[in-house]
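> Following this message is one structure expressed as structure tokens.
Protein chains: 2
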Amino acid sequence: MAGRKQFDVDAALDAAMTRFWRAGHAATSVDDLCRVTGLNRSSLYSTFGGKDALFLRCLDRYATRYGEKYDAALSCAASDPLAAVRAFFQVTLDRIADPALPDGCLIAQSALAIPVLTEDVAARAKDALGAQRKRLRAALKASRLADQHAEDFAEHAAAVNQSLAVMSRGGASPAQLRAIVGVTVEALSHALPTHT
Amino acid sequence: MAGRKQFDVDAALDAAMTRFWRAGHAATSVDDLCRVTGLNRSSLYSTFGGKDALFLRCLDRYATRYGEKYDAALSCAASDPLAAVRAFFQVTLDRIADPALPDGCLIAQSALAIPVLTEDVAARAKDALGAQRKRLRAALKASRLADQHAEDFAEHAAAVNQSLAVMSRGGASPAQLRAIVGVTVEALSHALPTHT
DNA sequence: CCTATCTTGAACTGATCGTTCCAAGATGTG
DNA sequence: CACATCTTGGAACGATCAGTTCAAGATAGG
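Those protein sequences? They're chains A and B, same order as listed.
My numbering numbers the first residue of the first sequence as 1 and each following residue consecutively.
My numbering numbers the first residue of the second sequence as 1001 and each following residue consecutively.
So this is what it looks like as structure tokens:
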């Protein structure tokens, strides 16, 4: 209980997460992490344990933070699945449009990097993507969609959500991103039995 | 005209392309490229000029090779847009299912890496993604779809195609990938005026 | 055969990689 | 104050990074 930390651990995690998010795991060096967090190597290693351990913390942080937002958006899926899916995509569109945050998506980037990640890091990235699919599957199964349609549509929606990361990095405008999800939302509206 | 090359340039390009495709630009070292191509540094540098120059060659090679397949698939868009879009996605699904090739997609991976790529390499990655969008836009505008719907759907289809790269790396099964494109194809079939 | 030209292998450059280590400073307890 | 514990700055580690250099080997034109 002596020698108190001279920095805010949460703020450091946010800075590290943002860096991984923007540059990816491979293109982020420990020096980069020290620079963006303001820590030196000793503090970074003693607090977080190394690059991969810190990356895992950041991945979990990212998955938890936005997972909660996605869950909140989908909470009305049973009563109004169309509004729920619309709100789901809006979480991503808002995040991409936020100038204080990177575009892209840490989970999408990590998923594509799986072949060059450590086994445990790769497993966690896969889990994060799986959580997203599970979230959508549960929400849509609670709607009046037939089970098979619900599962298919959940896979589709999860994929379209990841595609926004790629397209935003590729220079797609907010209007173009809206068009991408618009087709998906339209498809759901036609698939819902309430649609006459 | 003296001292003939001891290797096949096309084979070396294929090997390098496959490596970049699987591991991405940042996680691929020149040593890796030497190993997979069988070349030593001298031959690699004198023939291709360096890592970034070789990466550009591989990006162009990838974009051309699969661009032609996408164009062929979309060639019947005016007469049968539904079959054209189906064939378009089938190009990607077949490529992912091919055990001799990596899953994922070099263009998607490069697009996500744009923030850490050299300016000219980033521009080329963006161009490759733009070519894909242009391809789909032209094909769908030739169909009986209203112009605005054609543009929106083109953006959507390009995005869904990129999403397959992310989802395949994340462990999605071929059936799940088919479900993803199935929703999109179904949406197009409902949007076409021929649909009764 | 001779020589100019090209290719190839391997050693080498300085920079950067992730990680470890240690001494100096700061803090809480006795 | 004294001592044990923790944090911090910075140097240092061997490994690997992208890229260069050079001499030896191979080939074509004369």
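We treat Cβ as the ideally placed atom computed from N, Cα and C, and that holds for glycine.
Taking the alpha carbon of G38/A as the reference point, which residue from A63/A, D71/A, D10/A, W21/A has its own alpha carbon closest?
Here residue 38/A refers to the residue found at position 38 when the first sequence is read from its first residue. When only C-alpha atoms are compared, the closest one is D10/A.
> Compare the C-alpha of D1147/B against each of A1191/B, K1126/B, A1128/B, P1174/B and name the closest.
Counted from its first residue, the second sequence places residue 1147/B at position 147. The candidate whose alpha carbon is nearest that of D1147/B is A1191/B.
> Classify N161/A: buried if its beta carbon has 16 or more other beta carbons within 10 angstroms, exposed otherwise.
Indexing the first sequence from 1 puts residue 161/A at position 161. Buried, because 16 or more other Cβ atoms sit within 10 Å of the Cβ of N161/A.
> Write down every uninterrupted run of the alpha helix (DSSP H) in the stretch 116-174 of chain A whose length is 4 residues or greater and which is fully enclosed by it, in chain order.
Taking only runs of at least 4 residues, the alpha helix (DSSP H) segments lying wholly in the stretch 116-174 of chain A are 119-141, 147-169.
> Out of Q1132/B, L1054/B, S1075/B, D1103/B, point me to the one whose CA is closest to V1121/B's CA.
Within the second sequence, numbered from 1, the residue matching residue 1121/B stands at position 121. Residue L1054/B is the option with its Cα nearest to V1121/B.
> If we count Cβ pairs, one from each stretch, closer than 8 Å, do we get three or more for the stretch 89-97 of chain A versus the stretch 148-156 of chain A?
Contact between the stretch 89-97 of chain A and the stretch 148-156 of chain A is absent, because fewer than three Cβ pairs lie under 8 Å.
> Does E68/A come within less than 7 Å of chain B when only Cβ atoms are used?
By 1-based counting over the first sequence, the position of residue 68/A is 68. Output row for E68/A: interface = no.
> Quick check: what's the CA-CA separation for R144/A versus A12/A?
Mapped onto the first sequence, residue 144/A falls at position 144. Mapped onto the first sequence, residue 12/A falls at position 12. Cα to Cα, the separation comes out at about 44 Å.
> I1114/B: which of S29/A, G170/A, K5/A sits nearest, CA to CA?
Position 114 of the second sequence holds residue 1114/B. The shortest Cα separation from I1114/B among S29/A, G170/A, K5/A belongs to G170/A.
> Considering only the alpha carbon of each residue, which of S1079/B, V1116/B, A1108/B, S1110/B lies closest to D1141/B?
Residue 1141/B sits at position 141 when you count from the first residue of the second sequence. Per the sequence shown, residue 1141/B should be read as Lys rather than Asp. Of the candidates S1079/B, V1116/B, A1108/B, S1110/B, the one whose C-alpha sits nearest the C-alpha of K1141/B is S1079/B.
> Determine the closest residue to A1165/B out of L59/A, V183/A, V181/A, L129/A, with distance taken between C-alpha atoms.
As a first step, residue 1165/B is located in the second sequence; it is residue number 165 there, counting from the start. Checking every option, the nearest Cα to that of A1165/B belongs to L129/A.
> Buried or exposed for D1031/B, please, with buried defined as at least 16 other CB atoms from any protein chain shown within 10 angstroms of its CB.
Here residue 1031/B is taken as the residue at index 31 of the second sequence, counted from 1. Under this definition D1031/B is an exposed residue.
> Taking all protein chains shown into account, do 16 or more other C-beta atoms lie within 10 angstroms of the C-beta of K1134/B, making it buried, or fewer, making it exposed?
Within the second sequence, the letter at position 134 stands for residue 1134/B. So K1134/B counts as exposed.
> Any beta carbon from chain A within less than 7 Å of A1122/B's own beta carbon?
Mapped onto the second sequence, residue 1122/B falls at position 122. With 7 Å as the cut-off, A1122/B does not count as an interface residue toward chain A.
> What three-state label does DSSP hand T92/A in the structure shown?
Counting from 1 along the first sequence, the entry for residue 92/A is found at position 92. Reduced to three states, the DSSP call for T92/A is helix.
> Whole angstroms is fine: what's the gap from E119/A's alpha carbon to D127/A's?
The sequence position of residue 119/A within the first sequence is 119, counting from 1. The sequence position of residue 127/A within the first sequence is 127, counting from 1. Distance between the alpha carbons of E119/A and D127/A: 12 Å.
> Please name the residue, chosen from R1057/B, G1182/B, D1152/B, that lies closest to V183/A on a Cα-to-Cα basis.
Position 183 of the first sequence, counted from the first residue, corresponds to residue 183/A. Ranking the options by Cα distance to V183/A, first place goes to D1152/B.
> Could you give the DSSP three-state label for T64/A: helix, strand or coil?
Residue 64/A sits at position 64 when you count from the first residue of the first sequence. Helix.
> Find the nearest neighbour of A1138/B within the set L1074/B, C1034/B, F1048/B, judged by alpha-carbon distance.
Residue mapping note: residue 1138/B aligns to position 138 of the second sequence, counting from 1. Checked all of L1074/B, C1034/B, F1048/B; the closest Cα to A1138/B is L1074/B.
> Taking DSSP as the reference, what is the three-state secondary structure of D1052/B?
The residue you call residue 1052/B lines up with position 52 of the second sequence. Residue state, collapsed to three classes: helix.
> Taking C105/A as the reference, give the member of L44/A, N40/A, R124/A, L59/A with the closest Cα.
Within the first sequence, numbered from 1, the residue matching residue 105/A stands at position 105. Of L44/A, N40/A, R124/A, L59/A, the residue nearest in Cα terms is L59/A.
> So what's K1069/B in DSSP terms, helix, strand or just coil?
Numbered from 1 along the second sequence, position 69 holds the residue referred to as residue 1069/B. K1069/B: helix per DSSP, three-state reduction.
> If you draw a straight line from the alpha carbon of G24/A to that of D1052/B, how long is it in whole angstroms?
Residue mapping note: residue 24/A aligns to position 24 of the first sequence, counting from 1. Residue mapping note: residue 1052/B aligns to position 52 of the second sequence, counting from 1. Each residue's Cα considered, the two are about 18 Å apart.
> Contact defined as beta carbons within less than 8 Å: I believe S1163/B pairs with S163/A. What is the distance between those atoms, to the nearest angstrom?
As a first step, residue 1163/B is located in the second sequence; it is residue number 163 there, counting from the start. As a first step, residue 163/A is located in the first sequence; it is residue number 163 there, counting from the start. Yes, S1163/B and S163/A are in contact; Cβ-Cβ is about 4 Å, under 8 Å.
> By the criterion of Cβ-Cβ separation under 7 Å, what are the contact partners of R169/A in chain B?
Position 169 of the first sequence, counted from the start, is the residue given in the question as residue 169/A. Residues of chain B passing the Cβ test: A1111, L1112, I1114.
> Which residues in chain B have a C-beta closer than 9 Å to the C-beta of T153/A? List them in chain order.
Taking the first residue of the first sequence as position 1, residue 153/A is located at position 153. Correcting the residue identity first, residue 153/A is Phe in this sequence and not Thr. Going along chain B in sequence order, the residues near F153/A (Cβ under 9 Å) are A1179, V1183.
> Please go through the same chain and pick out, in chain order, the residues whose beta-carbon is closer than 7 Å to the beta-carbon of H149/A, but skip the five residues on each side of it.
Sequence index remark: in the first sequence, residue 149/A carries index 149 (1-based). The answer, listed in chain order, is A191.
> If you reduce the DSSP assignment to three classes, tell me which class P1081/B lands in.
Looking up residue 1081/B in the second sequence gives position 81. If DSSP states are grouped into helix, strand and coil, P1081/B belongs with the helices.
> If you reduce the DSSP assignment to three classes, tell me which class L1192/B lands in.
In the second sequence, counting from the first residue as 1, residue 1192/B sits at position 192. Of the three classes helix, strand and coil, the one that applies to L1192/B here is coil, per DSSP.
> Does chain A have any CB closer than 7 Å to the CB of V1166/B?
By one-based count along the second sequence, residue 1166/B stands at place 166. At least one chain A Cβ lies under 7 Å of V1166/B.
> Is A1015/B buried or exposed, if buried means 16 or more other CB atoms sit within 10 Å of its CB?
Translated into the one-based positions of the second sequence, residue 1015/B becomes position 15. Burial call: buried.
> Using CA atoms only, rank isn't needed, just tell me which of G49/A, A131/A, R4/A is closest to I107/A.
Walking along the first sequence from the start, residue 107/A turns up at place 107. Per the Cα distances, A131/A.
> Could you compute how far the alpha carbon of S1168/B sits from the alpha carbon of A175/A?
For this step, residue 1168/B is matched to residue 168 along the second sequence. For this step, residue 175/A is matched to residue 175 along the first sequence. Taking the straight line joining both Cα atoms gives about 27 Å.
> Using the beta-carbon of each residue, which ones in chain A are nearer than 8 Å to A1027/B?
As a position in the second sequence, residue 1027/B is number 27, starting the count at 1. By Cβ distance, chain A contributes A26, A113, V116.
> Do A27/A and A1026/B have their C-beta atoms closer together than 7 Å?
By one-based count along the first sequence, residue 27/A stands at place 27. By one-based count along the second sequence, residue 1026/B stands at place 26. For A27/A and A1026/B, yes; Cβs fall inside 7 Å.
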